[in-house]
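Encoded as structure tokens, the structure appears first; notes follow it.
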Amino acid sequence: MARFLSKKETITEAICALLIILFLYTGVNKMWDYNEFKTQMGRSPFIGELNGFIAAALPAGEMLLSLLLVIKKTRYIGLYLSFLLMGMFTGYIWLMLTYAPDLPCSCGGILAAMDWKDHLYFNAGFTVLAAIGMLLQGRIAARG
């Protein structure tokens, strides 16, 4: 017998789908153009020498997050880590807008069309979505 999803489950599924699309898109894009991404990361005043590590770890982490969000048993931790990552991205962009004299472009694809302020709002929105998903997933899990 088919079971219908509750409203909380439907919203959580939609949030996870959006995060999965975002992380797969950005992760693949960074891996596809790895050398350019690494170069752009090296131009950041806050990253500098860590650019090689970040350029390799970030796309791998985004792919892993996508997998965590797909698997129901790991979904809560995936949403929690998505919230942390998106919060760090948002904080990084705020730091760049506030303190960096020269803003490098380190985004590819359609996200490259956004300016830094738009990107701040975009990331903040996904941070909020991840938080909502985390709260709803916690309630779904508590319900059993």
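Going by the numbering used here, the sequence shown wraps up at 126, each residue one higher than the last.
The beta-carbon is built from N, C-alpha and C at its ideal position, and this holds for glycine as well.
Remember, it's a predicted structure, so these values are computed and weren't measured experimentally.
C-beta atoms of residue i and residue j nearer than 8 Å
i: residue 98; j: residue 114; result: no
i: residue 85; j: residue 96; result: no
i: residue 36; j: residue 50; result: no
i: residue -6; j: residue 111; result: no
i: residue 72; j: residue 94; result: no
i: residue 52; j: residue 3; result: no
i: residue 9; j: residue 41; result: yes
i: residue 61; j: residue 13; result: no
i: residue 5; j: residue 44; result: yes
i: residue 67; j: residue 47; result: yes
i: residue 33; j: residue 20; result: yes
Reduced DSSP category for residue i - H, G, I as helix; E, B as strand; rest coil
i: residue 85; result: coil
i: residue 27; result: coil
i: residue -15; result: coil
Extent of the continuous alpha helix (DSSP H) to which residue i belongs
i: residue 100; result: 98 to 125
i: residue 53; result: That residue, residue 53, is in no alpha helix (DSSP H); it is neither H nor E in DSSP.
Residue i at chain B interface by Cβ criterion, 8 Å
i: residue 95; result: Reference to chain B is not applicable here, since this structure consists of a single protein chain.
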